[in-house]
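Chemist: Sharing a structure here in structure tokens format.
Chains as they are written, first to last, in the working numbering: chain A, 14 to 416; chain B, 78 to 180.
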């Protein structure tokens, strides 16, 4: 284990990718992701990293190169943000359907229009249904650890993995973190292998037009139709929750860190009021929780570490003793409510205890999220016995508007 | 190395009859070969075979008297177009199944 390093979140990500021995880096620069790819290109140029850097002309091509690399049996990596993620959207669905073990860091940033380079989660949320696993890191150490574990997860499940971390809040701030020794990573992460890798000895066309119905191929092997393959992707994505927990345990043996791969609760054991959030916002809430506890309120914060596959039963069970649940999020499903809030509400429906739910939208396009305003909104929700109609209670409340 | 609990189903195809499903059901016209015009049939030599070469579904045999696997022939007519001896005519499939329909 290295001594503590003090560096930016983007450099933390690049160091993890170097340790993972990624073999092909294809990326197009976009704020605030740019320093990740700059650092990786420096490491390749200096010979500290043995990889091919493909300077592409767009994010669509970046993902296409990763698809090609993985199909050829080599470990790829890319990173992007915001509109860059949206530009590769078509290829994201392709990578998932083709079951390619690709890892990508998404440095979360608001989506244009209007242009914003600042942080929120709308980029990741908009790609929720692409068939990718979505991990959210809360600090620099989690960027390192989650990225390393993401390679293992992608390669075991053959489902691509997005590691999300907040633009600027994490990407450009400096924090201490540790990195494992290369030998430890090598023991944890075996050589890359893609089950359906291209092989000149056995020519075939991959992912050609696939009929609605199953068929017998030229060798009389039963081959699923489109719907069967998609069902398998869904089922195996659900199974990936368990695999992610197992990987976390393996990683703990190697590095001594981990233990909260799905949810990371803070002071939730006896909490009547539980805040749910993703990314650095969940860590910011720890200060809020401490202050509210000092005021005698039984409050906790539960960080959600993996958004897709959605760990619905784990979350619902963790919230069974809460009276109120406040979901704070930096993105929403326009015309309805916070995407995470909607998911949590639906996860709780089959369970006997359905706490009162509150939805808060914060920090879109980098709007400041003062800890004081979090403190006040949580406290108000805790102490006021609000008389609202069910329809009113289900509406998201926007924090920090300046209209 | 994938986890053995995962099937990881993907779609792939190799060149051969039937790899795109029962494409014979798509057919509107079927190719019928006139063996009096067909070059290998007429000469008794393995020559030409352009229908075998061009068929996108690999359903034409490379015999002196070529046969067509109607299970998979989708009736595209490429063989008829390419045949240098105009030995292949595309005939409406309906002409062959009319009798069956009436029964």
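Positions of the beta carbon are idealized from the N, C-alpha and C atoms, including for glycine. The structure displayed is predicted, hence computed values, not measured ones.
So, does the CB of residue 152/B fall closer than 8 angstroms to a CB anywhere in chain A?
Modeler: As a working mapping, residue 152/B is identified with position 75 in the second chain. Residue 152/B does not count as touching chain A.
Chemist: Determine, using beta-carbon pairs with one atom in the segment 96-103 of chain B and one in the segment 158-178 of chain B, whether at least three such pairs fall under 8 angstroms.
Modeler: No, because fewer than three Cβ pairs between the segment 96-103 of chain B and the segment 158-178 of chain B fall closer than 8 angstroms, the two stretches do not touch.
Chemist: Compare the beta carbon distance of residue 155/B and residue 132/B with 8 angstroms and say whether it is the shorter of the two.
Modeler: For the purposes of this step, residue 155/B is taken as the residue at position 78 of the second chain. For the purposes of this step, residue 132/B is taken as the residue at position 55 of the second chain. Yes.
Chemist: Between residue 267/A and residue 215/A, what straight-line distance do the alpha-carbon atoms span, to the nearest angstrom?
Modeler: Taking the first chain and counting its residues from 1, the one referred to as residue 267/A is at position 254. Taking the first chain and counting its residues from 1, the one referred to as residue 215/A is at position 202. Each residue's alpha carbon lies about 38 angstroms from the other.
Chemist: If you draw a straight line from the C-alpha of residue 24/A to the C-alpha of residue 172/A, how long is it?
Modeler: Your numbering for residue 24/A matches position 11 in the first chain. Your numbering for residue 172/A matches position 159 in the first chain. For residue 24/A and residue 172/A, the distance between alpha carbons rounds to 25 angstroms.
Chemist: Helix, strand or coil: which one does DSSP assign to residue 82/B?
Modeler: By 1-based counting over the second chain, the position of residue 82/B is 5. Looking at residue 82/B - three-state DSSP - the assignment turns out to be coil, as it is neither helix nor strand.
Chemist: With 8 angstroms as the C-beta to C-beta threshold (strictly closer), list the residues of the segment 112-126 of chain A near chain B in chain order.
Modeler: Cβ contacts with chain B: 112.
Chemist: Residue 313/A lies in the beta strand (DSSP E); which residues open and close that run?
Modeler: As a working note, residue 313/A is residue 300 in the first chain. Unbroken beta strand (DSSP E) run through residue 313/A: 312-317.
Chemist: Does residue 139/B have its Cβ less than 8 angstroms from a Cβ in chain A?
Modeler: Position 62 of the second chain, counted from the start, is the residue given in the question as residue 139/B. Not one chain A Cβ lies under 8 angstroms of residue 139/B.
Chemist: Count the other CB atoms within 10 Å of the CB of residue 60/A; is the residue buried (16 or more) or exposed (fewer)?
Modeler: Taking the first residue of the first chain as 1, we reach residue 60/A at position 47. Classification of residue 60/A: exposed, given that the 10 Å Cβ count is below 16.
Chemist: The beta strand (DSSP E) with residue 2/A in it runs from where to where?
Modeler: Here chain A comprises residues numbered 14 to 416, so residue 2/A is not present and cannot be evaluated.
Chemist: Are the beta-carbon atoms of residue 118/A and residue 160/A separated by less than 8 angstroms?
Modeler: Here residue 118/A is taken as the residue at index 105 of the first chain, counted from 1. Here residue 160/A is taken as the residue at index 147 of the first chain, counted from 1. For residue 118/A and residue 160/A, yes; Cβs fall inside 8 angstroms.
Chemist: Examine chain B for any beta-carbon lying closer than 8 angstroms to the beta-carbon of residue 267/A, and answer yes or no.
Modeler: Along the first chain, one-based indexing puts residue 267/A at 254. Not an interface residue.
Chemist: Taking Cβ-Cβ distances shorter than 7 angstroms, what residues in chain B pair up with residue 218/A?
Modeler: The sequence position of residue 218/A within the first chain is 205, counting from 1. Within 7 angstroms Cβ-Cβ: 89 and 90.
Chemist: Going along the chain, which unbroken runs of the beta strand (DSSP E) with 3 or more residues stay wholly within the segment 99-139 of chain A?
Modeler: The segment 99-139 of chain A contains these whole beta strand (DSSP E) runs: 116-121.
Chemist: Which word fits residue 145/A, buried or exposed, when buried means at least 16 other C-beta atoms lie within 10 angstroms of its C-beta?
Modeler: In the first chain, the residue the question calls residue 145/A occupies position 132. Residue 145/A comes out buried.
Chemist: Please tell me whether residue 208/A has its Cβ less than 8 angstroms away from any Cβ of chain B.
Modeler: Here residue 208/A refers to the residue found at position 195 when the first chain is read from its first residue. True, the Cβ-Cβ gap to chain B drops below 8 angstroms.
Chemist: Could you tell me the distance, in whole angstroms, from the CA atom of residue 316/A to the CA atom of residue 96/B?
Modeler: Within the first chain, residue 316/A is the residue found at index 303, counting from 1. Within the second chain, residue 96/B is the residue found at index 19, counting from 1. The straight-line gap from Cα to Cα measures roughly 48 angstroms.
Chemist: If you measure beta-carbon to beta-carbon, which residues of the segment 52-63 of chain A are closer than 7 angstroms to chain B?
Modeler: Residues: none.
Chemist: What's the gap between the Cα of residue 133/A and the Cα of residue 198/A?
Modeler: For the purposes of this step, residue 133/A is taken as residue 120 along the first chain, with counting starting at 1. For the purposes of this step, residue 198/A is taken as residue 185 along the first chain, with counting starting at 1. For residue 133/A and residue 198/A, the distance between alpha carbons rounds to 31 angstroms.
Chemist: Would you give the residue range spanned by the beta strand (DSSP E) that residue 286/A belongs to?
Modeler: What you label residue 286/A is simply residue 273 of the first chain in a count that begins at 1. Segment 286-290, the beta strand (DSSP E) holding residue 286/A.
Chemist: Please find out if some non-hydrogen atom of the ligand SAH comes closer than 7 angstroms to the beta-carbon of residue 35/A.
Modeler: With respect to the ligand SAH, the structure shown offers nothing to examine, as it has no ligands at all.
Chemist: Can you list, in chain order, the residues of the segment 80-109 of chain B whose Cβ is nearer than 9 angstroms to any Cβ on chain A?
Modeler: Listed in sequence order: 80, 82, 83, 84, 85, 86, 87, 88, 89, 90, 91, 92, 93, 94, 95, 96, 97, 98 and 99.
Chemist: Please classify residue 306/A: does DSSP put it in a helix, a strand, or coil?
Modeler: Counting from 1 along the first chain, the entry for residue 306/A is found at position 293. It is helical.
Chemist: Locate the alpha helix (DSSP H) running through residue 41/A, then write down its first and last residues.
Modeler: As a working mapping, residue 41/A is identified with position 28 in the first chain. Unbroken run through residue 41/A: none, as it is neither H nor E.
Chemist: So residue 37/A and residue 78/A are in contact, right, with Cβ under 8 angstroms, and what is the actual spacing, rounded?
Modeler: For the purposes of this step, residue 37/A is taken as the residue at position 24 of the first chain. For the purposes of this step, residue 78/A is taken as the residue at position 65 of the first chain. Confirmed, about 7 angstroms.
Chemist: Is it buried or exposed, residue 187/A, if we count other Cβ atoms within 10 angstroms and call 16 or more buried?
Modeler: Numbered from 1 along the first chain, position 174 holds the residue referred to as residue 187/A. Exposed is the call here.
Chemist: What are the residues of the segment 151-179 of chain A that lie near chain B, defined by any Cβ-Cβ distance shorter than 9 angstroms?
Modeler: Going along the segment 151-179 of chain A in chain order, one finds 168, 169, 170, 171 and 172 with a Cβ nearer than 9 angstroms to chain B.
Chemist: For residue 410/A, collect the residues of the same chain with a Cβ closer than 6 angstroms to its Cβ; drop the 5 residues on either side in sequence, then sort them by chain order.
Modeler: Position 397 of the first chain, counting from 1, holds the residue named residue 410/A. Here the set comprises 373.
Chemist: Can you find the residues in the same chain that come closer than 8 angstroms, C-beta to C-beta, to residue 238/A, ignoring five residues on each side of it along the sequence?
Modeler: Your numbering for residue 238/A matches position 225 in the first chain. Excluding residues within five positions, the ones whose Cβ falls inside 8 angstroms are 223, 224, 225, 226, 227 and 228.
Chemist: Go through its chain and collect everything with a Cβ distance to residue 93/B's Cβ below 8 angstroms, but skip five positions before and after it.
Modeler: Here residue 93/B refers to the residue found at position 16 when the second chain is read from its first residue. Same-chain partners within the cutoff: 135.
Chemist: Can you list, in chain order, the residues of its chain with a C-beta nearer than 8 angstroms to that of residue 123/B? Leave out the 5 residues immediately preceding and following it.
Modeler: Residue numbering aside, residue 123/B sits at position 46 when the second chain is read from its first letter. Excluding positions up to five away in sequence, the list reads 117, 139 and 141.
Chemist: With the cut-off set at 8 angstroms, would you say residue 319/A and residue 257/A are in Cβ contact?
Modeler: For the purposes of this step, residue 319/A is taken as the residue at position 306 of the first chain. For the purposes of this step, residue 257/A is taken as the residue at position 244 of the first chain. Cβ atoms of residue 319/A and residue 257/A: closer than 8 angstroms.
Chemist: Taking the alpha carbon of residue 220/A as the point to measure from, which residue in 337/A, 95/A, 110/A and 333/A has its own alpha carbon closest?
Modeler: In the first chain, residue 220/A corresponds to position 207, counting from 1. Out of 337/A, 95/A, 110/A and 333/A, 110/A has the C-alpha closest to the C-alpha of residue 220/A.
Chemist: In chain order, which alpha helix (DSSP H) runs of at least 4 residues are fully inside the segment 78-143 of chain B?
Modeler: You should have 116-120 and 127-131.
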